[in-house]
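In order, the protein sequences belong to chains A and B. For the first sequence, UniProt numbering gives the first residue as 1, with consecutive numbering after it. For the second sequence, UniProt numbering gives the first residue as 1, with consecutive numbering after it.
2 protein chains.
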Amino acid sequence: MDTDDRAPGRPRSAEADAAILDAALDLLIERGAEATSIEQVARRAGVTRATVYRRFPDKVSLLIATVEAAYGDPPPTPDIVDVEHLLAGWASVLADPRLRRLLRRLYGAIEDFPDVARAYQGSLGDQRDQARREVFRRARDLGQFPADTDPDVLLDLLTGAGWQHLAVHPDTCAVEDAERFLRAVLHQAGYRPGGHRRAEEE
Amino acid sequence: MDTDDRAPGRPRSAEADAAILDAALDLLIERGAEATSIEQVARRAGVTRATVYRRFPDKVSLLIATVEAAYGDPPPTPDIVDVEHLLAGWASVLADPRLRRLLRRLYGAIEDFPDVARAYQGSLGDQRDQARREVFRRARDLGQFPADTDPDVLLDLLTGAGWQHLAVHPDTCAVEDAERFLRAVLHQAGYRPGGHRRAEEE
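Structure (structure tokens):
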């Protein structure tokens, strides 16, 4: 079993780490957490199962590390300058077929692999969400949202719109279409780039 | 194999239908579409695999019928009188742990079992969405939403908020908390039960 993996050319330690995480990410996206096995990861990475198990005691640990690595570990510090910047960033995610599938897989993992779903939230989501709330707070204070706007509600609303887009729009969606979708949602949520007060004064 | 299923007391045809669909719904909720098998459904329903296969050629057909049956086939005609009624209905769904899990399973099925996910949308969602858009349109015309409100955007926004609630709130969420969440989202989207024009006139 796995005799090919022991052939010359088998990746060394750091290469094996990367090959394992790459293979696990591919399988998570293609098949989901439930259908991914350590055996498949080892085969695709070109290593033995023992090589995988030396690094990760079980599938859940491996998938958590995979999600963390996919988003950078530690993830880059978000630096979102304003709502337009935030919109452009989300639109580029919603227009990336591979990220779309990964995000749906992470949603699908909530039920049986909550720690894998949380790995995304913990490694990337929390920090980025904090930056997003700050952007919404500043935009509200600049008059781009109604004065009674709650940044938490706005974040839930926009995140939810993202889940809905992932659920009903094709993965071949153009970045312009994704941005138009998100912009329509934010407009309904009271976003006026030119400012509410200014619009009333004019 | 399956000798117990052939024992006296085995359900007859209509009973077998119901037992199979009940068992499949339980398994879909507990394990998801990927991990559910015809064999498990047969065992839980107390019938032979042949009994299941006589009715459904494969797992996907069985799961589609299961989702359709869960929502009534044909589903009851929705009769939503206004936004408050719609809010109360959604809040009761978001406060039902079994429906929460089913909806997450249906989202999780989008990737590998799109026809199962679509069965929900087709058998229930489309018709109900039409009624929801109509409620939003009337509410807008009554001045409960801003005049430039797009019912489609509002529906995406509220549906998305539902996905977000299912993703981040505990399944023990009280109906009052679910309603508060949805109401905050609708408020951000410009919902004013007393009317926008009236508020401006006062």
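No residue lacks a Cβ here, since even glycine has one placed at the ideal position from N, Cα and C.
Within 10 angstroms of the beta-carbon of A174/B lie fewer than 16 other beta-carbons, which makes it exposed. When secondary structure is reduced to three states using DSSP, I38/A falls in the helix class.
At least one C-beta of chain B is nearer than 8 Å to the C-beta of T159/A.
Within chain A, the residues whose beta carbon sits less than 8 Å from that of L154/B are Q188, listed in sequence order.
Note that the C-beta distance between L62/B and A18/B is not below 8 Å. Shown in chain order are the members of the region 81-113 of chain B whose Cβ falls below 7 Å from a Cβ of chain A: R101, R104, R105, Y107, G108, I110, E111, D112.
In the structure shown, E179/A falls within a helical segment according to DSSP collapsed to helix, strand and coil. With a threshold of 8 Å between beta carbons, D150/B makes contact with chain A. Taking a beta-carbon distance threshold of 8 Å, Q164/A counts as an interface residue toward chain B.
For the region 46-62 of chain A, no residue has a beta-carbon sitting nearer than 7 Å to a beta-carbon of chain B.
When the beta-carbon positions are compared, A139/B and V83/B come within less than 8 Å of each other.
Closer than 8 Å to the CB of G32/A there is at least one CB belonging to chain B.
Chain A places no beta carbon closer than 8 Å to that of A23/B, leaving this residue out of the contacts. A distance below 6 Å between beta-carbons, with the five flanking residues on each side excluded, links R100/A to the following residues of its chain, in chain order: L166, D171.
Straight through space, the alpha carbons of P151/A and I38/B are spaced by roughly 47 Å. When the Cα atoms are used, G46/B and L27/B turn out to be separated by approximately 14 Å.
Within chain B, the residues E34 have their CB atoms less than 7 Å from the CB of A35/A, given in chain order. Take the alpha-carbon of T66/B and the one of L21/B: they are about 5 Å apart.
By the CB criterion at 8 Å, L158/A and V135/A fall outside the cutoff. Contact between A161/A and L182/A holds: their C-beta atoms lie close to 6 Å from each other, under 8 Å.
In the structure shown, the three-state DSSP call for I20/B is helix. Judged by their CB atoms, R128/A and P78/A are nearer to each other than the 8 Å cut-off.
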